[in-house]
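All you need for our numbering is the position in the sequence shown, starting with 1, plus 28.
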Amino acid sequence: NDSANKKVTSINRKSLDNLRAIQTPGGADIVSKVINAYLSESSNLLKKLQQAKNDNDPANLYKLAHALKSSSANVGALTLADFCKSLEAIGRGGSMEGTAELVESIKNEYHNATSQLKHELDNDYGKQASA
């Protein structure tokens with residue numbers, strides 16, 4: 029599907045390629061394990077992040093943004109990680125100014141990134157099945 033390929037990517041493939049490089053032949057699929065762990069854990073982090081914003085809790089916002097930033101960077105969701113870094117800095121400063129817009133940007137980019145990661149999983153499984 030060419031139109032999907034022309035879409036701006038939210039995932040830095042180099043990050044996933046780095047994971048593939050440490051894959052041992054015949055070993056558990058590292059990329060799939062990392063992506064699946066990210067998909068399950070990050071969803072909860074995002075919900076808690078939204079709640080921290082709703083609760084006007086900059087300390088928790090900082091902590092959650094930091095966690096989501098790190099895990100997002102690990103799977104190559106670098107744009108998402110950058111948004112989280114900005115939110116982390118605001119929370120660290122004890123402020124809530126601008127967090128509503130930033131959390132919306134994070135939610136939108138999270139949707140894009142997870143959609144691409146799920147597509148990546150489908151492609152990996154397809155390659156393994158045909159190998």
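Note that CB positions come from ideal geometry on N, CA and C, so glycine has one too.
Secondary structure of Glu-125 (DSSP, three-state): coil.
Under the three-state reduction of DSSP, Ser-100 is assigned to helix. Spanning the alpha carbons of Tyr-138 and Ala-87 requires a straight line of approximately 22 Å. The shortest C-alpha to C-alpha distance from Lys-81 to any of Gly-119, Ile-50, Thr-52 is the one to Gly-119. With a cutoff of 8 Å on beta-carbon distance, Ile-134 and Leu-73 are scored as not near each other.
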